[in-house]
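J.: Before I ask anything, let me first share the structure, which is written out below as structure tokens.
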Amino acid sequence: MSFSKRTRISRHITQIELFISCQNLKDLHTFGHSNPLVEVYIKHNHQEEWVKLGQTEMIEATQNPDFLTSFKMSFTFEEQVFLRFKAYDIHHSRHGQAEIHYNDYIGEIECNLGQIVGNVNKEIKRNIKNHQHDEYRGSIMIRVEEVKENNDRVFIQFESENLENVSSFFGHLTPFFYLGQYMDNGEIQRFYMSEVRTGNGTWKIVNKTIHEYCNGDLNRNILLEVYDHHRGGDHKLIGVAHFTLQGILSGLTSDLNLLNPHDKSKHSQGKFLIGNVRRAKIPSFLDYLSGGLEITVNFAIDFTSSNGDPSSPESLHYLDPRGHNHYESAIFAISEFLLNYNNSKSIPVYGFGAEIEGSLNQCFPLTFDAGNPTANGVEELLNSYRNALYQVSLSGPTYFSPIIREVVIEAERIHESQLCQRYDLLVILTDGDPNDMQDTIDWIVRGSYAPLSIVIVGIGSDYFENVEVLGADDKQPLIDSDGRQEERDIVEFIHYREVDHSPTALCQAILSKLPNEIVAFFHKRGIFPNVENNSARNKEKSESPQEAHHHHHRNHQYKVDK
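Note that full-length UniProt numbering gives residue 258 to position 258 of the sequence shown, counting from 1, and the numbers run on in steps of one.
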């Protein structure tokens, strides 16, 4: 580990969460309904370029969206953070993912974080501006809440009965529900939307952290809103109810009577029963690191001819004596950071898409030693890459599956257990889409069952349409050729150009999801952090049976289910 328990942070850093809503958005559709989405950009001083922080989900058929997607960030009093919010009215989607086009642009607002935090209710409302249009285009509201983190998760399964059919005499009841958290200013922030079902019955389990339910306050009211779904977006309210986590976890609350606030007779609109509720403590990423988790980073580098002749300054592989090319800067930044969490400092590194001694090779070690594909440390890794450029001929096509296959099989050999906590990260650096899409999907699906995550970094100016589908946050689960669905989403795509070729921003983007993926993988398999930062194998050899039993018990202190 690269940090000490004696380390002190001199600045006071507060974790906050941004929530976004809009009012009276301009409808850009000639026919149909408005489908809004908001992009969020950030920078830390006036001289920096804007960097995209993320985007909300698209909400169909509304001009007054209250987005479920929120954005967490650090707030430091002495630092300026500038924010830009761009609103769009989406016309098209591909594979379930919103496609943003220039003519979908409604307008934007800008502010700094201090303006929001310093406001009485920690919120601001600004009219949207579009320099090409002077008319009123609606407003965007930004609200901030301090994050009081609680990693415990609460699983709730609701059952509904006797729901009122509010649509029509002949219409079918198609209910769904929202859960909303009451904020510090008294307003409601929705954080969960259920599936739409037919009639009464048992709902899918709600699985959220205590922070997401109630910002860590077990006695804070949570709002249940039940609607009858209409395709046009004009959903009909069935009824609402309130509950607290304290009430349902203690068993004092077992059913929720739905009332329509517009019905003065207070007639019951049906009931939601608490079918099952369970609380579980989830260990953190730092808990696993403290317990000796090893992260192995594997690199795969694109040596296809579309990168350009390495001897040309226009090539993506050009070895510029004045500094790193984009491949080198990405390799350096990622490996330097992640080697802090790997004691051996060894990095398996492969190439693909090159001819070696006249034969095309889609998976070769840059060490040119099949028995030892690893480089020791960052400098040896960079030297292996540079030396390979002089020993191979760039060729093609671009195949990802042989590389992914190699790393998946190695990850499967780990046989993860309480005694062996290792996780692999495969970083693929490429200038284009793969030509073996289905084979790539097949191996990604298989890899989703192993201790593995995959990050694809786009180098150059290609559009990466297929890769974006693989790495989209809102994509449908991948399915392999045999019909097996991926267990979890393990692929992240980052276009290096879109983080302004900043190695720091690239690392932040890569590492933003990796901790949660690692924790979720081990927790699902009942593998918990080892309490001591020692080799579990060495402890197994030295402990007496009584000590081993005690150590095993402490490792499982995280299993706190009600």
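Note that CB positions come from ideal geometry on N, CA and C, so glycine has one too. Since the structure is predicted, the reported quantities are computational estimates derived from the model, not experimental observations.
On the three-pair Cβ rule with 8 angstroms, is the stretch 411-428 touching the stretch 290-298?
T.: Yes, the stretch 411-428 is in contact with the stretch 290-298.
J.: Got a sec? Which residues, its chain only, sit under 7 angstroms from residue 53 by beta carbon, not counting five neighbours each side?
T.: Here the set comprises 40, 41, 42 and 71.
J.: Please list the segments of the alpha helix (DSSP H) lying wholly inside the stretch 77-132, counting only runs of 4 or more residues, in order along the chain.
T.: The qualifying runs are 113-117.
J.: Identify which residue in 433, 463, 305 and 422 has its Cα closest to the Cα of residue 453.
T.: Looking at the Cα atoms, 422 is the closest of the given residues.
J.: Is DSSP giving residue 471 helix, strand or coil here?
T.: Residue 471 falls in the helix class under three-state DSSP.
J.: What is the DSSP secondary structure of residue 418, counted as helix, strand or coil?
T.: DSSP places residue 418 in coil when its eight states are reduced to three.
J.: Nearest-angstrom Cα distance between residue 276 and residue 365?
T.: Going by the C-alpha atoms only, they are around 52 angstroms apart.
J.: Pick out whichever of 241, 369 and 362 has its Cα sitting closest to the Cα of residue 403.
T.: For the residues 241, 369 and 362, the minimum Cα distance to residue 403 belongs to 362.
J.: From the DSSP output, which residues share a beta bridge with residue 374?
T.: Looking at the DSSP assignment, residue 374 forms a beta bridge with 348.
J.: Verify whether the separation of the beta carbon atoms of residue 200 and residue 159 is less than 9 angstroms.
T.: Yes, these two residues count as a Cβ contact at 9 angstroms.
J.: Taking 9 angstroms as the cut-off, decide whether the C-beta atoms of residue 145 and residue 122 are in contact.
T.: Yes, the pair counts as a contact, with Cβ atoms nearer than the cut-off.
J.: Keeping to the same chain, check which residues put their C-beta closer than 8 angstroms to that of residue 434; ignore five residues upstream and five downstream.
T.: Contacts found: 398, 399, 400, 401, 440, 466 and 467.
J.: If we count the other Cβ atoms within 10 Å of its Cβ and call it buried at 16 or more, is residue 301 buried or exposed?
T.: Buried: at least 16 other Cβ atoms inside 10 Å.
J.: Could you tell me whether the Cβ atoms of residue 370 and residue 346 are closer together than 9 angstroms?
T.: Cβ atoms of residue 370 and residue 346: not closer than 9 angstroms.
J.: Note down, in chain order, each residue of its chain lying with its Cβ closer than 8 angstroms to the Cβ of residue 333, except the 5 sequence neighbours on either side.
T.: 503, 504, 506 and 507.
J.: In chain order, what residues of the same chain lie with their CB nearer than 7 angstroms to the CB of residue 574, ignoring the 5 residues before and after it?
T.: It is not possible to answer for residue 574, since the shown part of the chain is limited to 1 through 562.
J.: Please state the DSSP three-state secondary structure of residue 318.
T.: Note: residue 318 maps to coil in three-state DSSP.
J.: Thinking residue 237 and residue 260 are a contact (beta carbons under 8 angstroms), I'd like their distance in whole angstroms, please.
T.: About 6 angstroms; that satisfies the 8 angstroms criterion.
J.: Put residue 507 into one of helix, strand or coil per three-state DSSP.
T.: Residue 507: helix per DSSP, three-state reduction.
J.: May I have the straight-line CA-CA distance separating residue 521 from residue 166, to the nearest angstrom?
T.: Rounded to whole angstroms, residue 521 to residue 166 spans 43 angstroms at the Cα level.
J.: Less than 9 angstroms separating the beta-carbons of residue 354 and residue 430?
T.: Contact: no.
J.: Using a 10 Å radius around the Cβ and a threshold of 16 neighbouring Cβ atoms, would you call residue 565 buried or exposed?
T.: Residue 565 cannot be examined here, being either before or after the span of the chain that is shown, 1 to 562.
J.: Select from 83, 193, 383 and 99 the residue whose C-alpha is nearest the C-alpha of residue 46.
T.: The option with the nearest alpha carbon to residue 46 is 83.
J.: Could you name each continuous beta strand (DSSP E) segment of 3 residues or more that falls completely within the stretch 141-171, going from the start of the chain to the end?
T.: Whole beta strand (DSSP E) segments, 3+ residues: 153-161.
J.: Work out the CA separation of residue 478 and residue 177 for me, nearest whole Å.
T.: About 27 angstroms.
J.: As a quick exercise: from 527, 426, 188 and 87, pick the residue whose alpha carbon is nearest that of residue 419.
T.: Taking only the C-alpha atoms, the option nearest residue 419 is 527.
J.: Per DSSP, residue 208 forms a beta bridge with which residues?
T.: DSSP output for residue 208 lists 154 as bridge partner(s).
J.: Based on Cα-Cα distance, which residue from 340, 458 and 279 lies nearest to residue 500?
T.: The shortest Cα separation from residue 500 among 340, 458 and 279 belongs to 458.
J.: Thinking C-alpha only, which one of 179, 230 and 156 is nearest residue 202?
T.: It is 156 whose Cα lies nearest to the Cα of residue 202.
J.: Within the same chain, show all residues whose beta-carbon is closer than 8 angstroms to that of residue 535, passing over the 5 residues directly before and after it, in chain order.
T.: Residue confidence is low: residue 535 scores 39 on pLDDT, short of 50, so the model does not pin down where it sits. Its coordinate-derived value is still stated next. Excluding sequence neighbours, residue 535 sits near 292.
J.: Please state the DSSP three-state secondary structure of residue 54.
T.: Correct three-state label for residue 54: strand.
J.: Taking residue 19 as the reference, give the member of 67, 139, 33 and 55 with the closest Cα.
T.: Ranking 67, 139, 33 and 55 by Cα distance to residue 19 puts 67 first.
J.: Could you spell out where the alpha helix (DSSP H) holding residue 495 opens and where it closes?
T.: Counting along the chain, residue 495 falls outside any alpha helix (DSSP H), though it belongs to the beta strand (DSSP E) covering 491-495.
J.: On the three-state DSSP scale, how would you describe residue 288?
T.: Looking at residue 288 - three-state DSSP - the assignment turns out to be helix.
J.: Quick one: grab the DSSP three-state call for residue 399.
T.: DSSP places residue 399 in coil when its eight states are reduced to three.
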